[in-house]
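Novice: Here it is, the structure, as structure tokens.
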Ligand SMILES: Cc1cc2nc3c(=O)[nH]c(=O)nc-3n(C[C@H](O)[C@H](O)[C@H](O)COP(=O)(O)OP(=O)(O)OC[C@H]3O[C@@H](n4cnc5c(N)ncnc54)[C@H](O)[C@@H]3O)c2cc1C
């Protein structure tokens, strides 16, 4: 990289990977702009009540920890082995990181990147700031760390919306609702369809089973596409015990059908029709090829997320990192390795590694 003119990196998204990428870019000598359409780690804020399954030490980098301790050596941070919630991770690490001297001047919250286009040298970004003013920014490199959390997948078969889903979407819970906490009254004593068979659905089914113990009228139809007797595949020798515990608990609920729960594997949905706000749903589909239909009061769709492909430029200089780079199973530590590789590529120094392995 030319010392005379530091090149500019635009980081889209101030989630954990965007913030770490920005820090790395600064440490590598680039000029940086980080944009987030919300606040710092806005997606994690939305699932803040959920306990993470990787310990804090795996979720933070040596660069991040050093930046925080440089400014405030007495700062209290979680221990490396602590299993903390999304909210605790955000409050103890991500927000302070965004507010460090290194990042604060680069960070633009409430600022959405609407479009990115390539020009002869670098990129042009159409950006909309908090009060709606639009402008053009430029960058030599773009790191797209915008995640997928705000674009859930469709509920219907073949990856398209079910009949009625487009209208019903605002009534459906696509995220991990805080069922033990602030959303308890919304679900207690209700009939609920839960669709999905990943770790988010596992978190939800465990919370609903606990709710059914307290409120016995609660009834759950757990609908999954897979043919498996156990909805969550267990990872052999899973290094993350919390993740394994979650899979075991959810599988046990499915196989025992405890907790006022009916488990319906091999089931796809064709229709999800809302009867209006708080007026319930009719859902219909096929289970093992046979037609099924239910009337339920609530629908929770934990069916995963898809990348927003409107924001994507093919070719050199534009890198997709973080949750957006994978269909499922993304871990923060994968993102830290992506960051290392991206900067090795753009500096042309294959050996560049700014992480201190011993400290991480
Ligand atoms: C419930 C849950 C629990 C998880 N637990 C773990 C765990 O224990 N361990 C682990 O390693 N991983 C875990 N993950 C997976 C993954 O690490 C997280 O999803 C993580 O938040 C991904 O970070 P990210 O920076 O790629 O994206 P995100 O955290 O999704 O951040 C993207 C950011 O981009 C912003 N943005 C989006 N579009 C725009 C735009 N157009 N312009 C400007 N800004 C934009 C958003 O506001 C957001 O702040 C979990 C995921 C979920 C959903």
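Residue numbers (my numbering): -9 to 350.
Note that beta-carbon positions come from the ideal geometry of N, C-alpha and C, so glycine has one too.
These figures come from a predicted structure and were not determined experimentally.
(1) Compare the Cα-Cα distances from residue 267 to each of 68, 161, 121 and 94 and report the closest residue.
(2) Can you look up residue 35 in the DSSP assignment and give me helix, strand or coil?
(3) Do residue 35 and residue 141 count as a contact pair if the criterion is CB distance below 8 Å?
(4) Quick check on residue 240: does DSSP put it in helix, strand or coil?
(5) For residue 129, which residues of its own chain have a beta-carbon under 8 Å away from its beta-carbon, when the five flanking residues on both sides are left out?
(6) Measuring alpha carbon to alpha carbon, tell me which of 313, 82 and 221 ends up nearest residue 239.
(7) In this structure, what does DSSP give as the bridge partners for residue 0?
(8) State the Cα-Cα distance for the pair residue 52 and residue 347, rounded to the nearest angstrom.
(9) Is the beta carbon of residue 88 closer than 8 Å to that of residue 150?
(10) Applying the 10 Å Cβ sphere with the 16-neighbour rule, what's the burial state of residue 257?
(11) Tell me whether residue 290 is buried or exposed, calling it buried when 16 or more other Cβ atoms sit within 10 Å of its Cβ.
(12) Mind listing, in chain order, the continuous beta strand (DSSP E) runs of no fewer than 3 residues lying wholly within the segment 244 to 278?
(13) Confirm the yes/no value for this check: CB of residue 190, any heavy atom of ligand 1, distance under 7 Å.
(14) Check whether the segment 234 to 254 touches the segment 121 to 137, counting contact only when three or more Cβ pairs, one atom from each stretch, lie closer than 8 Å.
(15) Can you check the segment 51 to 131 for any alpha helix (DSSP H) of at least 4 residues that lies completely inside it and give the ranges in chain order?
(16) For the beta strand (DSSP E) holding residue 291, just list the boundary residues, first then last.
(17) Are the beta-carbon atoms of residue 157 and residue 177 separated by less than 8 Å?
(18) Rounded to a whole number of angstroms, what is the C-alpha to C-alpha distance between residue 77 and residue 42?
(19) In the DSSP assignment, what residue or residues form a beta bridge with residue 144?
(20) Can you name the start and end residues of the alpha helix (DSSP H) that residue 332 belongs to?
(21) At which residues does the beta strand (DSSP E) containing residue 181 begin and terminate?
(22) Run through the DSSP bridge pairs and tell me what residue 163 is partnered with.
(23) In whole angstroms, give me the CA-to-CA distance for residue 12 and residue 18.
(24) Quick check: is any heavy atom of ligand 1 less than 7 Å from the C-beta of residue 103?
(25) Please identify the residue among 174, 259 and 232 whose C-alpha is closest to the C-alpha of residue 214.
(26) Quick one: is residue 94 buried, meaning 16 or more other Cβ sit within 10 Å of its Cβ, or exposed?
(27) Looking at the structure shown, is residue 373 part of a helix, part of a strand, or coil, going by DSSP?
(28) Grab me the residues of residue 80's own chain with a C-beta within less than 7 Å of its C-beta, minus the 5 sequence neighbours each way, in chain order.
(29) Mind checking whether residue 45 and residue 73 have CB atoms under 8 Å apart?
(30) Can you name the residues that DSSP bridges to residue 41?
(31) Helix, strand or coil: which one does DSSP assign to residue 7?
(32) Alpha carbons only, please: which of 323, 40 and 336 is nearest the one belonging to residue 306?
(33) Quick check: the Cα distance between residue 193 and residue 184, rounded to an integer number of angstroms?
Specialist: Here's the rundown:
(1) Ranking 68, 161, 121 and 94 by CA distance to the CA of residue 267 puts 161 first.
(2) The three-state secondary structure of residue 35, taken from DSSP, is helix.
(3) Pairing residue 141 with residue 35 gives a Cβ-Cβ distance that is not under 8 Å.
(4) Helix.
(5) Excluding sequence neighbours, residue 129 sits near -2, -1, 0, 23, 112, 113 and 115.
(6) Per the Cα distances, 221.
(7) Per DSSP, 23 and 132.
(8) Taking the straight line joining both Cα atoms gives about 7 Å.
(9) For residue 150 and residue 88, no; Cβs fall outside 8 Å.
(10) Buried: at least 16 other Cβ atoms inside 10 Å.
(11) It is buried - the Cβ of residue 290 has at least 16 other Cβ atoms within 10 Å.
(12) Counting whole runs of 3 or more residues, the segment 244 to 278 contains the beta strand (DSSP E) stretches 251 to 254, 257 to 264 and 271 to 277.
(13) Checking every heavy atom of ligand 1 against the Cβ of residue 190, one is found closer than 7 Å.
(14) Judged by Cβ distances under 8 Å, the segment 234 to 254 makes no contact with the segment 121 to 137, as fewer than three pairs qualify.
(15) As far as the segment 51 to 131 is concerned, its whole alpha helix (DSSP H) runs of at least 4 residues are 52 to 61, 76 to 79, 85 to 88 and 91 to 94.
(16) 288 to 291 is the extent of the beta strand (DSSP E) around residue 291.
(17) Not a contact, by the Cβ cut-off of 8 Å.
(18) If I take the Cα positions, the gap works out to 10 Å.
(19) DSSP lists no partner for residue 144.
(20) Per DSSP, residue 332 belongs to the alpha helix (DSSP H) from 322 to 337.
(21) That run of the beta strand (DSSP E) goes 181 to 185.
(22) 290, per the DSSP bridge assignment.
(23) Rounded to whole angstroms, residue 12 and residue 18 show a C-alpha spacing of 10 Å.
(24) The closest heavy atom of ligand 1 lies less than 7 Å from the beta carbon of residue 103.
(25) Of 174, 259 and 232, the residue nearest in Cα terms is 259.
(26) Residue 94 comes out exposed.
(27) What is shown of the chain runs -9 to 350, which leaves residue 373 out entirely.
(28) If we look at residue 80 and ignore the five residues flanking it on each side, its Cβ neighbours are 31, 34, 35 and 38.
(29) Cβ distance < 8 Å, so residue 45 and residue 73 count as in contact.
(30) DSSP lists 75 as the beta-bridge partner residues of residue 41.
(31) Per DSSP, reduced to three states, the secondary structure at residue 7 is helical.
(32) Cα-wise, what sits closest to residue 306 is 336.
(33) Each residue's alpha carbon lies about 11 Å from the other.
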